[in-house]
Amino acid sequence: KHAWVVPSLMSSGLVLGTLLAITHHLFYASLDQRPVAYQAQQEWYFRIGIGLAFLVKAFFTASAVLAYNQLVWYTLRSEPVTLAGVDAMFGVISNLFDFTDKELWRRGRGLVAIAIIVWTMPLITVFSPSALRVQTSTHFNETWTKMALPVLEYQTVQKFAQWQAGGSSAYSSPSSRISRLLSATAAQGAILNIASPFPNCSYTVEFYGPSLSCGSPSAGISFETKVDSLIAGSSSSTSLQSGIGYVGFVPQRANTTLTTSLEDDALAGLDRTLETPHATDIDTIDRSQAHDYAKLYVVAPDWDGLAGNTIECGLYNSSYTVDLDYRNGQQNISVKSLERVNGVTAEPAFEDCGGGACSVSVVAYISMMDAMGRLLLGHLKVSDVGSLIPTRTQISTTVLMQTAEMQRLHRRTIVAGNKFTPEPLSIANITMTDALEQLFLNFTLSLFSDSYLLQNQSSASEGMVLVRAPQNVYAYDSRNLFIAYGVGICVDLVVVVVGLLCVWTSSGSYMSAFSTILRTTRNPSLDTVIQHDDGSGTWPMSTRLAKLKVILQESPSRTELGKHTMFRLVNDWCDLEQDASSESPELPRPSLDSLLIRPVAGGEQKQANVRVIITPPTPEPQEDVIMETS
5 KHAWVVPSLM SSGLVLGTLL AITHHLFYAS LDQRPVAYQA QQEWYFRIGI GLAFLVKAFF
65 TASAVLAYNQ LVWYTLRSEP VTLAGVDAMF GVISNLFDFT DKELWRRGRG LVAIAIIVWT
125 MPLITVFSPS ALRVQTSTHF NETWTKMALP VLEYQTVQKF AQWQAGGSSA YSSPSSRISR
185 LLSATAAQGA ILNIASPFPN CSYTVEFYGP SLSCGSPSAG ISFETKVDSL IAGSSSSTSL
245 QSGIGYVGFV PQRANTTLTT SLEDDALAGL DRTLETPHAT DIDTIDRSQA HDYAKLYVVA
305 PDWDGLAGNT IECGLYNSSY TVDLDYRNGQ QNISVKSLER VNGVTAEPAF EDCGGGACSV
365 SVVAYISMMD AMGRLLLGHL KVSDVGSLIP TRTQISTTVL MQTAEMQRLH RRTIVAGNKF
425 TPEPLSIANI TMTDALEQLF LNFTLSLFSD SYLLQNQSSA SEGMVLVRAP QNVYAYDSRN
485 LFIAYGVGIC VDLVVVVVGL LCVWTSSGSY MSAFSTILRT TRNPSLDTVI QHDDGSGTWP
545 MSTRLAKLKV ILQESPSRTE LGKHTMFRLV NDWCDLEQDA SSESPELPRP SLDSLLIRPV
605 AGGEQKQANV RVIITPPTPE PQEDVIMETS
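Those letters in the sequence shown? Residues 5 to 634, per the numbering used here, in order.
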């Protein structure tokens, strides 16, 4: 009458479980890459995921158990099974030890397969929640904070320069700190590491600092011709050298008593530099009468590998805007803008700073220009055997040797036929003009790497710093969820289809409820095998009972209610069509059988109100079961 109830429940369990699985997927997908706000939120999200997985498992298991029951009753109708096997079939989905029953494996392999599915269905709750995890995001949480920014301390001139002896307060030479800073920068070919306030942050600094502007000599081609002549004359005066490959010089006062031109001062500086005995006792900073800027000259190798390309560099006061960006402690510094404001000459630095006449910023600029001159001043000669002979200059210790012009010098010194490969340095393979400007720029920015040259945090100006902090986000791996739920849905669908086929074949649906057992055991012949010791119902049953075989069939005889389905004993495959009443004498059963056979007022409702009490056996068989009707 109500055969549609169990199929509907089976199908509903599959559909509801699938809908909850989709809900679980959508919930996790909505959390993907969302930042974790706080720990309690994370805990609740994981609890919700586990709860959804539990509900999915519960509905899939419920539909699978219903389908299993249909297959159990179908199996019991198909062939005889021992009572021990029947117990195993009904109990294997709740008792794992029933898998050890041999009868179950012989008569119900399909039952074993579905029972294994029912037992393994909880694995869904193990794998599906693992699809959501917490990991560090590749995107940082960015916040702006106001803090002190680094500022160069030009006011304390002693940090940049040394002073003349004898009580004078005039400039003498760059401080050892400045010289070491330039040497390190020139050797590395990059800006030195600047301390970062945070491992991941960005900020911008604006300041005034020195810069070099290099290019062709302002004196024109005639000046370059005179420079080439002096170098050629110096090279021809020796027989052991094949030529001069490089010269660095600064203007020198040609005559302290007579007025000379700037060109004469520059040529005088070149002449003194080429004179090896005097090359160690010359000025390293331009102290000529120039009123535009202090100059530094470099004569780099020409196409033939010998000095012939004259470059003039001038010192300028410049306005810098620099962006500093740090990613996991690695700095990335870029000059956003560099504007040259005015040229800087050396003469103000040699005035008496004690009287307040000198400019403190000029002292810092000149000390850096002086350090640059001390590094580059001198010359390199190429011998007949191909070796370089340096006089005073330290250019060979810098990355300037990797410039395009200096590589010509290398080619002149290597053995013919050997291929020259320049080192992969940051300043390599660019022209000497650009390299000199870049080196001095790196030198200026490297001042920020030494806290001694910076203002104190208390007096430094404040600025905005963009701080990027790592953040935890939810990461959803849908593959784990799809595999867990996909397998569960497919397997449960197959099991439900099997259950529906069993219902269709049996023309009805069954449950493993006590009422179903009660209605299918109304065979008086079953009472003949129950002895006095078996009446208690305790487990395990006797071996004699365990070996008895039963089969579920329709009654071959017609009762007052017509034909009905019941369990029958199978004794050595006897004729199952024999009338049940002839198999054994009928014992008095005035209780349950009489209730089910005789119609009572109220019909099915009265049967549903029957209450049953199981009592210990008594000497009188008719008192085994006591009925109470309401």
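We treat Cβ as the ideally placed atom computed from N, Cα and C, and that holds for glycine.
Buried or exposed for residue i, going by 16 or more other Cβ atoms inside 10 Å?
{"i": "Ala199", "result": "exposed"}
{"i": "Gln461", "result": "exposed"}
{"i": "Leu30", "result": "exposed"}
{"i": "Val339", "result": "exposed"}
{"i": "Thr129", "result": "buried"}
{"i": "Leu127", "result": "exposed"}
{"i": "Thr160", "result": "exposed"}
{"i": "Arg111", "result": "buried"}
{"i": "Glu157", "result": "buried"}
{"i": "Glu279", "result": "exposed"}
{"i": "Phe641", "result": "Past the edges of the chain, shown from 5 to 634, lies residue 641, and the structure says nothing about it."}
{"i": "Thr407", "result": "buried"}
{"i": "Trp577", "result": "Caution is warranted here: a pLDDT of 40 is assigned to Trp577, below 50, making its placement in the model unreliable, and no coordinate value can be reported."}
{"i": "Phe101", "result": "exposed"}
{"i": "Val501", "result": "exposed"}
{"i": "Ala41", "result": "exposed"}
{"i": "Ser511", "result": "exposed"}
{"i": "Gln626", "result": "Reliability of the predicted coordinates at Gln626 is poor, the pLDDT of 44 falling under 50, and the value obtained from them is presented with this limitation in mind. When all chains shown are included, Gln626 counts as exposed."}
{"i": "Tyr212", "result": "exposed"}
{"i": "Asn433", "result": "exposed"}
{"i": "His295", "result": "exposed"}
{"i": "Glu83", "result": "exposed"}
{"i": "Ala119", "result": "buried"}
{"i": "Asn446", "result": "buried"}
{"i": "Arg412", "result": "buried"}
Counting along the chain, where does the beta strand (DSSP E) carrying residue i start and finish?
{"i": "Arg344", "result": "Gln334 to Gly347"}
{"i": "Leu319", "result": "Ala311 to Arg331"}
{"i": "Tyr207", "result": "Cys205 to Gly219"}
{"i": "Leu392", "result": "Leu392 to Thr395"}
{"i": "Tyr175", "result": "Tyr175 to Pro178"}
{"i": "Gln166", "result": "Ala165 to Trp167"}
{"i": "Gly3", "result": "In the structure as shown, the chain starts at 5 and stops at 634, and residue 3 therefore has no counterpart that could be examined."}
{"i": "Ala304", "result": "Lys299 to Pro305"}
Provide the residue span of the alpha helix (DSSP H) that contains residue i, from first to last.
{"i": "Met14", "result": "Val9 to Leu35"}
{"i": "Val502", "result": "Ser482 to Ser510"}
{"i": "Gly377", "result": "Val364 to Leu380"}
{"i": "Arg472", "result": "First-last for Arg472: Glu466 to Ala473, but that is the beta strand (DSSP E), not the alpha helix (DSSP H)."}
{"i": "Ser519", "result": "Phe518 to Thr524"}
{"i": "Ser222", "result": "Premise fails: Ser222 is in no alpha helix (DSSP H) and is neither H nor E."}
{"i": "Thr401", "result": "Where Thr401 is concerned, there is no enclosing alpha helix (DSSP H), given that its DSSP letter is neither H nor E."}
{"i": "Leu156", "result": "Run containing Leu156: none; DSSP gives neither H nor E here."}
Just checking my contact of residue i with residue j at CB under 8 Å: how many whole Å lie between their CB atoms?
{"i": "Val302", "j": "Leu380", "result": "6 Å"}
{"i": "Val345", "j": "Ser365", "result": "Rounded, the Cβ-Cβ distance is 11 Å, inconsistent with contact."}
{"i": "Leu384", "j": "Gly249", "result": "5 Å"}
{"i": "Met373", "j": "Ala298", "result": "6 Å"}
Report the rounded CA-to-CA distance for residue i versus residue j, giving the unit in angstroms.
{"i": "Leu244", "j": "Ile393", "result": "Because Leu244 carries a pLDDT of 47, less than 50, the predicted location of this residue cannot be relied on, and the following value inherits that uncertainty. One C-alpha to the other measures close to 11 Å."}
{"i": "Asn336", "j": "Tyr330", "result": "6 Å"}
{"i": "Gly607", "j": "Arg523", "result": "Model confidence at Gly607 stands at a pLDDT of 41, short of 50, so the residue's coordinates are unreliable and nothing is read from them."}
{"i": "Asn422", "j": "Val389", "result": "Residue placement at Asn422 is flagged as unreliable, the pLDDT there being 45, under the threshold of 50; the coordinate-derived value follows with that caveat. Whole-angstrom Cα-Cα distance: 15 Å."}
{"i": "Leu35", "j": "Trp148", "result": "26 Å"}
{"i": "Leu56", "j": "Ala473", "result": "33 Å"}
{"i": "Leu13", "j": "Val19", "result": "10 Å"}
{"i": "Phe486", "j": "Val96", "result": "29 Å"}
{"i": "Val10", "j": "Ala33", "result": "35 Å"}
{"i": "Thr264", "j": "Val386", "result": "33 Å"}
{"i": "Gln37", "j": "Trp48", "result": "17 Å"}
{"i": "Leu108", "j": "Ala92", "result": "6 Å"}
{"i": "Leu470", "j": "Phe58", "result": "45 Å"}
{"i": "Lys230", "j": "Leu271", "result": "8 Å"}
{"i": "Leu300", "j": "Cys317", "result": "5 Å"}
{"i": "Gly490", "j": "Ala25", "result": "9 Å"}
{"i": "Thr140", "j": "Met151", "result": "27 Å"}
{"i": "Pro528", "j": "Tyr78", "result": "23 Å"}
{"i": "Ile289", "j": "Val251", "result": "15 Å"}
{"i": "Arg483", "j": "Ser98", "result": "31 Å"}
{"i": "Asp269", "j": "Tyr207", "result": "44 Å"}
{"i": "Ser292", "j": "Ser341", "result": "31 Å"}
{"i": "Arg593", "j": "Val60", "result": "Low per-residue confidence applies at Arg593: pLDDT is 42, beneath 50, and the placement is therefore not dependable, though the value from the model is reported in the following sentence. Cα to Cα, the separation comes out at about 46 Å."}
{"i": "Phe452", "j": "Gln459", "result": "10 Å"}
Where are the alpha helix (DSSP H) runs, 4 residues long or more, that stay fully inside the region 66-153, in chain order? Correct list: 87-95, 106-111, 113-124 and 128-131.
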